[in-house]
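All residue numbers in the sequence shown are consecutive under the working numbering, ending with 1180.
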Amino acid sequence: MTSAFVDEFPHLLKNRKVLFTAFFCFIEFLLGIPCIMEGGIYVLQIMDWYCATFSLMLLSLTECVVIAWIYGADRFYKDIELMIGYQPGVWWKICWKYITPATITFVWLFSVTQLSPVTYGDYEYPDGAIVFGWMLGLASIVPVPVCAIIAILGEKGSFVQRIKKLVHHTDDWGPAVEKHRIRYLQSLQNSQESLDSVVCTPLVDVKNMSASQQL
966 MTSAFVDEFP
976 HLLKNRKVLF
986 TAFFCFIEFL
996 LGIPCIMEGG
1006 IYVLQIMDWY
1016 CATFSLMLLS
1026 LTECVVIAWI
1036 YGADRFYKDI
1046 ELMIGYQPGV
1056 WWKICWKYIT
1066 PATITFVWLF
1076 SVTQLSPVTY
1086 GDYEYPDGAI
1096 VFGWMLGLAS
1106 IVPVPVCAII
1116 AILGEKGSFV
1126 QRIKKLVHHT
1136 DDWGPAVEKH
1146 RIRYLQSLQN
1156 SQESLDSVVC
1166 TPLVDVKNMS
1176 ASQQL
């Protein structure tokens, strides 16, 4: 999570990463204290009941769909090849596109149909605890559609045009380190894929980047 914040706000946190990480760990330490107190098992049960079986699987399903079908399994496949130096097995691509989303969908739907108010043994939680559990579970889900709606409203054109623009890469997409970015662009061009946005950078630009890197 700290890396996500640093990547999202580099102008504020890049030079303060150690301090921010320490602060983040301290906050998480404070949030974890209720789980180790006398009634901690009841708090932990709420978290497991509404987060692990509801929001976590829904977020995982969304991630699989976005990576495999919107970003593209082939593009993600090549990104991994660039990072590890060899092609992963085709089995992984099949999992990303079909097996994993289908499995998560089945388990999530089954969990939703069996979902009931949280209990622990014979203890039944009060209504306030149940509301807190739902708020806890939705806290990690709600930001996704909210941010999507804000992004759509911030674009111009028809609804379809806005969606198409938002699912395309931005001009700064790719590795942050310049030498890694050069390799990334060259790899995509050498594979002769159909590229969008940043990936459509002409080969001459890559050569110029290489020349500037040598200087």
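Quick reminder that beta carbons are idealized off the backbone N, C-alpha and C, glycines included.
Pairing E1046 with L978, the inter-Cα distance amounts to about 30 Å. The C-beta of F1019 has 16 or more other C-beta atoms within 10 Å across all chains shown, which makes the residue buried.
Distance between I1032 and L1023, taken at the CA atoms: about 14 Å. Taken in chain order, the complete alpha helix (DSSP H) segments of 4 or more residues contained in the region 970-1022 are 975-978, 982-997 and 1005-1012. Under the DSSP assignment, I1032 falls outside any alpha helix (DSSP H); it carries neither an H nor an E label.
Taking C-alpha positions only, F970 is separated from I1064 by approximately 31 Å.
A distance below 8 Å between beta-carbons, with the five flanking residues on each side excluded, links V1072 to the following residues of its chain, in chain order: M1022.
Sixteen is the threshold: since fewer than 16 other Cβ atoms of the shown chains lie within 10 Å of the Cβ of I998, the residue is exposed. Counting the other Cβ atoms within 10 Å of the Cβ of V1008 gives 16 or more, which makes it buried. Using a 10 angstroms sphere on the CB of L1150, the tally of other CB atoms reaches 16 or more, which defines it as buried. Around G1102, the same chain offers Y1015, C1016, F1019 and S1020 as residues with beta carbons nearer than 6 Å, after the five sequence neighbours per side are excluded.
A buried status is given to C1029, since no fewer than 16 other beta-carbon atoms sit within 10 Å of its beta-carbon. Annotation for T1027: V1109 place their beta carbon closer than 8 Å to its own, counting only its chain and skipping 5 residues before and after. Within the model, the alpha-carbon separation for L984 versus P1091 is close to 39 Å. Between the beta-carbon of K1058 and that of S1152 there is about 17 Å, and that puts the pair past the 8 Å contact cut. By the Cβ-count criterion, W1138 is exposed, with fewer than 16 other Cβ atoms from all chains shown falling within 10 Å of its own Cβ. I1011 and F1097 do touch by the CB rule: their CB atoms are close to 7 Å apart, below 8 Å. Taking the C-beta atoms as reference points, I1035 is found nearer than 8 Å to V1132. Shown here, E1120 sits in coil according to DSSP, grouped into three states, outside any helix or strand. In this structure, the CA atom of E973 is about 43 Å from the CA atom of G1086. Approximately 5 Å separates the beta-carbon atoms of T967 and F989; this is inside 8 Å, confirming the contact. Following the DSSP letters along the chain, one finds K1043 inside the alpha helix (DSSP H) bounded by residues A1038 to I1049. With fewer than 16 other CB atoms across the displayed protein chains lying within 10 angstroms of its CB, W1056 is exposed.
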